[in-house]
Amino acid sequence: MVSRDDVLAWIDELQKVYAANRQYLTDLDSAIGDADHGINMDRGFTTAKAELEKTPPADINAALKTVAMALIRTVGGAAGPLYGTFFMRAAAACANKQELDAADVVALFEAGLAGVIQRGKAELNDKTMVDALSPALEAMKQALQNGHGIKEMLQSATEAAETGMKNTIPLKARKGRASYLGDRSIGHQDPGATSSYLMIKTAADLWS
Numbered sequence: 003m004v005s006r007d008d009v010l011a012w013i014d015e016l017q018k019v020y021a022a023n024r025q026y027l028t029d030l031d032s033a034i035g036d037a038d039h040g041i042n043m044d045r046g047f048t049t050a051k052a053e054l055e056k057t058p059p060a061d062i063n064a065a066l067k068t069v070a071m072a073l074i075r076t077v078g079g080a081a082g083p084l085y086g087t088f089f090m091r092a093a094a095a096c097a098n099k100q101e102l103d104a105a106d107v108v109a110l111f112e113a114g115l116a117g118v119i120q121r122g123k124a125e126l127n128d129k130t131m132v133d134a135l136s137p138a139l140e141a142m143k144q145a146l147q148n149g150h151g152i153k154e155m156l157q158s159a160t161e162a163a164e165t166g167m168k169n170t171i172p173l174k175a176r177k178g179r180a181s182y183l184g185d186r187s188i189g190h191q192d193p194g195a196t197s198s199y200l201m202i203k204t205a206a207d208l209w210s
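Count the sequence shown with this note's numbering and you get residues 3 to 210, in order.
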């Protein structure tokens, strides 16, 4: 089961992960975007962590909603609205839940991905964060169907997200800032898919 404290530990660790990968994500973004993705993710999760510490959330829903609002308010570019929507929808999926079982974790990521797709209008192979999140969700669903627990489920999701992230390299971008580059976007790993992979991997590392 995933508790409120486990969710808070996830956000706390994400802040560290995005701070550590700030330059890496920014370098990826400099090739096909505005060269600010790492800076934005670091800023957003640093703000989210500070707000959660200042006002401890009563439950999982409140924790994820706080993250969503912090990201929407402080993160520039497409990442703020997209990640903000992910966490807002994830929060709604966790309403009235004090703990999450494996099916609830799938519901969290499924709701988050649906929000990202609706907000960004991106599909698989558009060279966006969807390319990491979508296969990760499918892997989670398959693992759940096979009777696996949260840890195994998230490990499968991490592997699928990593493959999806790497699969963005040969793709031509069809959404966002990178799409303006046309064929010049080919050969570069998508920064949004990379930060999404890191988000899932961090959950897999912490939740068991």
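All C-beta atoms in this analysis are idealised placements derived from N, C-alpha and C, irrespective of residue type, glycine included.
Count the other CB atoms within 10 Å of the CB of SER198; is the residue buried (16 or more) or exposed (fewer)? buried
Can you round the beta-carbon distance between ALA50 and THR68 to whole angstroms, since I take them to be within the 8 Å contact cut? At roughly 7 Å, the Cβ-Cβ gap stays under 8 Å, so ALA50 and THR68 are in contact.
I believe ALA163 touches ALA124 by the beta-carbon criterion, under 8 Å. Please report the beta-carbon distance rounded to the nearest angstrom. In fact, because the Cβ distance is near 15 Å, the residues do not count as touching under 8 Å.
According to DSSP, simplified to helix, strand and coil, what is GLU140? helix
Determine which residues share a DSSP beta bridge with SER115 and list them. Sequence inspection shows Leu at residue 115; the Ser mentioned does not correspond to that position. BP columns for LEU115 are empty, so no partner.
ASN23, enclosing alpha helix (DSSP H) - first and last residue: Looking at the DSSP string, ASN23 is not in any alpha helix (DSSP H), and its letter there is neither H nor E.
Sequence-distant residues of its chain with Cβ nearer than 8 Å to LEU183 (five each side left out): ILE34 and ALA175
Could you tell me which of GLY149, MET131 and ALA80 sits nearest to ASN169, measuring between CA atoms? MET131
Taking C-alpha atoms, which residue in ASN63, GLU154 and ALA81 lies nearest to LYS99? Nearest option by C-alpha distance: ASN63.
Alpha carbon to alpha carbon, how far is ASP38 from ASP31? Give it in angstroms, no decimals. 7 Å
Identify, in the order they occur along the chain, each residue of the same chain with its Cβ nearer than 6 Å to the Cβ of TYR85, setting aside the five sequence neighbours on each side. Only residues of its own chain outside the window of five on either side were considered, and among them LEU73 have a CB closer than 6 Å to the CB of TYR85, listed in chain order.
What are the partner residues of LEU102, as DSSP defines its beta bridges? Partner(s): VAL4.
Have a look at ALA92, ALA81, ALA11 and VAL77 and flag the residue whose alpha-carbon is nearest the alpha-carbon of LEU54. Checked all of ALA92, ALA81, ALA11 and VAL77; the closest Cα to LEU54 is ALA11.
To the nearest angstrom, report how far apart ALA104 and ILE13 are at their CA atoms. 19 Å
Residues near MET201 by beta carbon distance below 7 Å, same chain, minus five either side: LEU16
Short of 6 Å in beta carbon distance, which residues of its chain neighbour ARG24, apart from the five on each side in sequence? Order them along the chain. Contacts found: GLY40 and ASP44.
Looking only at C-alpha atoms, which of LEU66, GLU154, HIS190 and GLY178 sits nearest to THR87? LEU66
Integer Cβ distance of ILE152 from VAL107, believed to fall under 8 Å: 6 Å
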